[in-house]
């Protein structure tokens with residue numbers, strides 16, 4: 001494209017007239033008209049002003065094709081990913097909030113066999129959201145395995161700035177939460193009544209999880225929003241070889257079995273005399289085992305790739 005065609009394209013993208021552009025550049029409308037028809041060229045000062053105004057570089061403006069920098073989101077990727085990120089975060093937050101509610105109710109004296117029922121209400125809601133959104137994401141990726149990168153460098157920079165703020169805020173909330181929990185634990189050491197201590201510990205766990213929920217939610221949402229802008233990685237993940245697809249399916253099956261066992265152990269602990277207040281650790285162990293499985297299978301993939 002010529003300079004005139006590029007300028008006309010940029011002006012129309014901004015939805016401004018020749019008169020409005022001329023006013024911003026402090027030139028006559030006739031000058032803008034001559035530039036767009038390639039009858040003349042602006043001075044270097046005006047060229048730099050145009051580059052700054054439309055966020056493009058000089059080489060592309062003069063000799064390239066600026067329309068390549070204005071790829072449209074034809075598949076609705078941005079809106080879908082925004083909805084996906086919000087609901088995935090909500091699903092995780094519901095599960096954490098359910099643990100908090102269970103701690104509060106137990107601390108208030110509710111029977112330890114009944115309080116977990118309220119946790120399971122939130123757990124079921126959270127898991128349903130996670131499963132449904134996971135299926136929708138897989139369906140979207142299957143329909144659109146390749147997305148043209150339509151985000152501008154300015155949008156990516158702004159997204160990264162938001163990511164750093166969200167990470168700092170999430171970590172800050174969690175650290176404050178841990179500090180408050182430690183202070184509460186010190187104060188509980190001075191309580192003489194064991195029954196009262198147990199109730200206060202449950203209440204303390206409820207408060208801890210209550211503050212942990214927004215901290216984790218901010219971290220999860222921030223990470224998902226950052227990944228949204230990594231179109232290159234999205235395309236790479238969805239243009240997999242048959243061997244890697246089988247390996248990923250195997251990872252999912254193994255991790256699913258691990259977490260199913262973890263849930264079974266948790267339920268057994270909950271409805272027997274085993275201490276259920278610490279049995280949630282089985283989920284952490286399950287997550288670690290899933291990570292180990294993922295690393296092992298990834299090493300197999302790397303060794304195959306090096307052959």
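In the working numbering, the protein residues as written are 1 to 307. Built from N, CA and C at the ideal position, the CB exists for glycine as well. Note that the structure is predicted; figures quoted are calculated from it, not measured.
Return the Cβ separation of residue i and residue j in integer angstroms, given the expectation that the two are a contact with Cβ distance under 8 Å.
i, j, result
"residue 246", "residue 293", "Not really, about 15 Å apart at Cβ, beyond 8 Å."
"residue 224", "residue 88", "6 Å"
"residue 103", "residue 205", "4 Å"
"residue 122", "residue 105", "Not quite, the Cβ-Cβ distance comes to about 12 Å (not below 8 Å), so this is no contact."
"residue 38", "residue 2", "5 Å"
When you compare the CB positions of residue i and residue j, do they come within less than 8 Å of one another, or not?
i, j, result
"residue 66", "residue 21", "no"
"residue 27", "residue 18", "no"
"residue 126", "residue 91", "yes"
"residue 170", "residue 215", "yes"
"residue 107", "residue 259", "no"
"residue 46", "residue 25", "yes"
"residue 118", "residue 98", "yes"
"residue 219", "residue 167", "yes"
"residue 7", "residue 96", "no"
"residue 80", "residue 163", "no"
"residue 76", "residue 36", "no"
Whose C-beta lies closer than 8 Å to the C-beta of residue i among residues of the same chain, with five residues either side of it excluded?
i, result
"residue 29", "18, 19 and 22"
"residue 232", "149"
"residue 306", "At residue 306, the pLDDT of 46 sits below 50, so the modelled position is not reliable; the number obtained from the coordinates is stated separately. Contacts found: none."
"residue 48", "58"
"residue 291", "none"
"residue 180", "207, 208 and 211"
"residue 154", "55"
"residue 256", "none"
"residue 51", "57, 58 and 61"
Which residue's Cα is closest to the Cα of residue i: the options?
i, options, result
"residue 156", "52, 229 and 60", "229"
"residue 289", "254, 266 and 158", "254"
"residue 176", "116, 111, 56 and 208", "208"
"residue 56", "129, 152 and 44", "152"
"residue 15", "249, 40, 158 and 54", "54"
"residue 239", "34, 226 and 143", "143"
"residue 161", "237, 226, 43 and 269", "226"
"residue 13", "249, 72 and 174", "72"
"residue 221", "43, 165, 111 and 124", "165"
"residue 217", "52, 42, 86 and 51", "86"
"residue 82", "137, 285, 237 and 248", "137"
Just to confirm my understanding: we take residue i, look at its own chain, exclude 5 residues before and 5 after, and list those with CB closer than 6 Å. What are they?
i, result
"residue 295", "none"
"residue 146", "235"
"residue 282", "262, 265 and 266"
"residue 184", "204"
"residue 159", "229"
"residue 133", "84, 87 and 88"
"residue 34", "40"
"residue 313", "Any question about residue 313 goes unanswered here, given that the chain covers just 1 to 307."
"residue 130", "91"
"residue 178", "none"
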